[in-house]
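Before any comments, here is the structure.
2 protein chains.
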Amino acid sequence: MERHFEHDLEELKERLLWMAGLAERAVHQAVQAVFQKDEALATRVLDEEKAINEMQIEIDDRVMQLVALQQPMAVDLRFILSASRINNDLERIGDQAVNIAQSALRILRHPQVKPYVDLPRMSELAEGMVRDSLNSLVRRDAELAKSVLVRDDQVDNLRDQIFRELLTYMMENSAVIYPAFELVLITKNLERIGDHATNIAEDVIYMVAGRDVRHLAADRR
Amino acid sequence: MERHFEHDLEELKERLLWMAGLAERAVHQAVQAVFQKDEALATRVLDEEKAINEMQIEIDDRVMQLVALQQPMAVDLRFILSASRINNDLERIGDQAVNIAQSALRILRHPQVKPYVDLPRMSELAEGMVRDSLNSLVRRDAELAKSVLVRDDQVDNLRDQIFRELLTYMMENSAVIYPAFELVLITKNLERIGDHATNIAEDVIYMVAGRDVRHLAADRR
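Going down the list, the sequences are from chains A and B. Take 1 as the starting number for the first sequence in my numbering and just add one per residue. Take 1001 as the starting number for the second sequence in my numbering and just add one per residue.
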């Protein structure tokens, strides 16, 4: 029985990692579709959303069954409830990738506002946060999780910088207002991806340390 | 023991409602601060965030204890896990109210872009969705919950309409670009509040009908 339970927990973790891989890939493809004006790539992100949604339901079913059948205690329960929340955050990351892919399809029709410099930096940061929040879960590494929290401030700073720059462009040349507006939406999506990675990292710290850091981070923001 | 458990579940539900009241009030005050250019009201929203955050942690502790000590089965477990997710959504609604209050403080310094017509409609819709998602929980009313899902489409339509209008204003007069940009952010915040209410309604339908409607709604969006 005990060994069976350990096996189920391990499987749950593997599913989460698989789902994280799908979500991360979706984000990467969506932003590349924007930068490379690649319509086919954007469309692929829209097509692949289904797999993420199905995985979310499968993971939730596993969580329900683990809690109902195994009646886990303390440490295991904390992991399982965190897994349920992380599952949710990963699905939302997939939603944000879909939003970015939709912006990519719209922005294709317009001339490029400016060379993309800060936006790729922001997307790399956000993708790295997603990756490391899951790495911190696998390794039960609270320090790595904390580094994700720190990077969320960097993402927010980049967002403010990009907003200021886009506002300047809009004020100088009303012809770019429409595509600049799409870039505002994409920036907001990347910000939210960073927020979800931060939620995951907070869950990992809670799991490892048994300490709730959520509103320490929220107050800091 | 059984009666004690029922009592605990009832208390959990009451805490959720209390928290929902705080979140709804925060949203209402934040948008009123924008419409009435009321700096003191915006500041009050920022001050009151702490109460929402503390309530979230209290509810999560109750959830953990209920699952760990009572080992609930089937229907009760479904309620408790939903309560945990709803708790999360309510806290995020509070975060969005804070964002709106911060926009209110910034937008005060600028002349008003245009008479507020669609934005109050959108905020009333979003506030009503939050209220009714919780009402549907209390009454276990899946029909009311479904009406929240329908209203989410209306919120998204209003968002698109407001965006189009703001883009037009920005293109006509670059002097309003900055305050119009703040209105874009506020519109995005209201959209997210609608999304969170939709999550709550989906949880209620799942709880009442035992059926997962999440990706029916997500695909529809």
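Ideal Cβ placement from N, Cα and C applies to all residues, glycine included. This one's a predicted model, so the numbers in the text were calculated from it and none came from an experiment.
Neighbour flag for residue i against chain C, beta carbons, 8 Å
i, result
"residue 1116(B)", "Of the chains in the structure shown, none is chain C; the protein chains are A and B."
Of the residues the options, the one placed nearest residue i, counting alpha carbons only
i, options, result
"residue 1177(B)", "1154(B), 1197(B) and 1111(B)", "1111(B)"
"residue 1024(B)", "1116(B), 1190(B), 1149(B) and 1143(B)", "1190(B)"
"residue 126(A)", "113(A), 60(A) and 93(A)", "93(A)"
"residue 206(A)", "83(A), 70(A) and 105(A)", "83(A)"
"residue 158(A)", "118(A), 105(A), 34(A) and 169(A)", "118(A)"
"residue 130(A)", "61(A), 194(A) and 53(A)", "194(A)"
"residue 199(A)", "172(A), 146(A), 174(A) and 164(A)", "146(A)"
"residue 100(A)", "5(A), 186(A) and 13(A)", "186(A)"
"residue 1182(B)", "1062(B), 1103(B), 1085(B) and 1006(B)", "1103(B)"
"residue 1180(B)", "1166(B), 1106(B) and 1136(B)", "1166(B)"
"residue 50(A)", "155(A), 91(A) and 87(A)", "91(A)"
"residue 1138(B)", "1188(B), 1014(B) and 1196(B)", "1014(B)"
"residue 1156(B)", "1188(B), 1007(B) and 1044(B)", "1188(B)"
"residue 1196(B)", "1128(B), 1141(B), 1168(B) and 1140(B)", "1128(B)"
"residue 140(A)", "78(A), 87(A) and 120(A)", "78(A)"
Secondary structure of residue i, DSSP reduced to three states
i, result
"residue 1219(B)", "Confidence at residue 1219(B) is low in this model, with a pLDDT of 41, below 50, so its placement is unreliable and the value that follows should be read with caution. Residue 1219(B): helix per DSSP, three-state reduction."
"residue 112(A)", "coil"
"residue 117(A)", "coil"
"residue 64(A)", "helix"
"residue 1015(B)", "helix"
"residue 140(A)", "coil"
"residue 1073(B)", "coil"
"residue 56(A)", "helix"
"residue 38(A)", "coil"
"residue 1157(B)", "helix"
"residue 1173(B)", "coil"
Beta-carbon proximity check, residue i vs residue j, cutoff 8 Å
i, j, result
"residue 1009(B)", "residue 1089(B)", "no"
"residue 1067(B)", "residue 34(A)", "no"
"residue 48(A)", "residue 30(A)", "no"
"residue 57(A)", "residue 16(A)", "no"
"residue 1184(B)", "residue 98(A)", "no"
"residue 1096(B)", "residue 1164(B)", "no"
"residue 1063(B)", "residue 1133(B)", "no"
"residue 123(A)", "residue 1174(B)", "no"
"residue 1041(B)", "residue 1032(B)", "yes"
"residue 1012(B)", "residue 1052(B)", "no"
"residue 1073(B)", "residue 170(A)", "no"
Inter-residue spacing [alpha-carbon to alpha-carbon] between residue i and residue j
i, j, result
"residue 1108(B)", "residue 19(A)", "43 Å"
"residue 1054(B)", "residue 1150(B)", "32 Å"
"residue 1201(B)", "residue 1148(B)", "6 Å"
"residue 1113(B)", "residue 1208(B)", "45 Å"
"residue 1106(B)", "residue 71(A)", "50 Å"
"residue 1036(B)", "residue 154(A)", "33 Å"
"residue 1161(B)", "residue 1038(B)", "26 Å"
"residue 1043(B)", "residue 5(A)", "50 Å"
"residue 69(A)", "residue 61(A)", "12 Å"
"residue 1116(B)", "residue 86(A)", "38 Å"
"residue 1120(B)", "residue 136(A)", "43 Å"
"residue 1028(B)", "residue 1080(B)", "28 Å"
"residue 172(A)", "residue 1168(B)", "16 Å"
"residue 7(A)", "residue 65(A)", "14 Å"
"residue 1144(B)", "residue 1152(B)", "13 Å"
"residue 1142(B)", "residue 142(A)", "41 Å"
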